[in-house]
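Notes to accompany the following structure.
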Ligand code: MTE
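Numbering (the working numbering), first residue to last: 17 to 348.
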């Protein structure tokens with residue numbers, strides 16, 4: 017029998033039913049009978065019960081970009097909270113490709129992060145495929161301290177390493193008619209068992225999107241590392257997004273493609289549960305999630321609950337991107 021000992025920093029979820037629990041239950045109700053009949057539930061259930069892994073997986077030992085770190089810190093991005101100790105960040109993750117619990121760091125080690133190419137396509141001057149190390153060499157690298165607020169009402173503060181998404185947009189040379197950038201995660205069901213058939217029919221690969229105005233806002237950041245080192249695989253190595261004024265599900269991990277388009281992309285969670293998750297996902301303490309409050313957040317690494325701030329405290333930089341009377345849809 018699996019017995020899970022609660023770690024010191026885990027406190028009971030009073031405000032939020034984790035999405036994973038809810039979605040799994042919902043999917044079971046919706047399609048469980050068929051899946052059970054097909055015998056597909058058993059392997060899935062095993063793969064998703066990886067509780068209690070004691071090993072902490074840090075930056076990949078064979079990451080060829082290791083020598084580039086640490087990046088110069090950009091002091092324009094300050095925090096009014098302590099940085100979350102890296103151990104919390106390395107062991108408490110959402111990455112549904114590898115399972116629906118928070119403890120997916122072990123299965124995530126199966127991901128091969130080299131060779132890794134990034135495709136730029138859609139409404140661009142010329143489509144191209146670029147190797148991640150070539151991309152890193154072309155970008156102005158820096159470190160920024162950011163808040164990270166999950167829709168599940170927990171938060172962290174992270175020293176991310178990477179480069180401004182605006183620089184990547186410049187590099188991609190979008191056409192003037194492009195209104196959105198759509199981002200896509202790798203697809204490899206053999207490695208990422210959550211993506212295999214029988215995993216509740218989620219619409220893999222994971223997709224996210226931003227307007228061009230959001231993507232070129234100073235705050236939008238492409239992440240390649242954290243804590244002055246390359247990113248651990250479970251945190252989205254070798255390339256993920258950080259949009260700290262939005263709920264964490266916008267911060268797509270393991271990105272392989274940027275598509276410039278004039279059509280608003282449909283995000284992964286929006287596709288699954290459109291009544292609960294939208295395209296905009298801007299943090300707003302006054303707009304509750306349909307099943308829990310967003311007024312407060314549990315700060316991981318401390319025993320604190322603190323009030324959540326509009327746009328997660330970044331209103332000065334980003335509120336102007338949205339209408340003054342922005343309705344509920346902008347905050348879910
Ligand atoms: N990206 C992919 N590809 N798959 C995911 O399941 N989860 C999202 C986001 N990016 C997710 C993803 C969610 S819900 C959150 S809160 C953050 O990643 C979690 O990032 P962290 O594990 O580094 O805290």
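We treat Cβ as the ideally placed atom computed from N, Cα and C, and that holds for glycine.
Query	Result
Buried or exposed (CB count within 10 angstroms, at least 16 for buried), residue 316	buried
Three-pair Cβ contact test at 8 Å for the stretch 304–322 versus the stretch 240–260	no
Reduced DSSP category for residue 119 - H, G, I as helix; E, B as strand; rest coil	coil
Proximity of residue 194 and residue 251 at Cβ, strictly below 8 Å	no
Under 8 Å between C-beta atoms of residue 297 and residue 340	no
First through last residue of the beta strand (DSSP E) which encompasses residue 134	133–138
Buried versus exposed call for residue 98 [16 or more other C-beta atoms within 10 Å across all chains shown]	exposed
Near the ligand MTE: residue 269 beta-carbon under 7 Å from a heavy atom	yes
Ranges of the beta strand (DSSP E) found wholly within the stretch 209–255, counting only runs of at least 3	223–227 and 237–242
Three-state secondary structure assigned by DSSP to residue 110	coil
Beta-carbon proximity list for residue 170, same chain, < 7 Å, skipping 5 on both sides	313, 314 and 316
Pairwise C-alpha distance: residue 71 and residue 326	36 Å
CA-to-CA distance, residue 333 to residue 133, given in whole angstroms	32 Å
Beta-ladder partner(s) of residue 285, from DSSP	Answer is none; residue 285 lacks a bridge partner.
Helix, strand or coil at residue 82 [DSSP, three-state]	helix
Segments of 3+ residues assigned as beta strand (DSSP E) that fall wholly inside the stretch 287–340	312–315 and 321–323
Identified DSSP bridge partners for residue 185	Its beta-bridge partners do not exist; DSSP assigns none.
Backbone CA spacing between residue 221 and residue 197 [nearest angstrom]	16 Å
Coil, strand or helix - residue 96 by DSSP	coil
Cβ shell of residue 106 (< 8 Å), same chain only, five flanking positions each side left out	72, 73, 74, 121, 248, 250 and 251
Span of the beta strand (DSSP E) around residue 278	Where residue 278 is concerned, there is no enclosing beta strand (DSSP E), given that its DSSP letter is neither H nor E.
Straight-line Cα distance separating residue 267 from residue 136	18 Å
Touching by the beta-carbon criterion (3+ pairs, under 8 Å), the stretch 280–289 and the stretch 182–194	no
Distance, residue 277 Cα to residue 84 Cα	33 Å
Residue 164: CB within 7 Å of a non-hydrogen atom of the ligand MTE	yes
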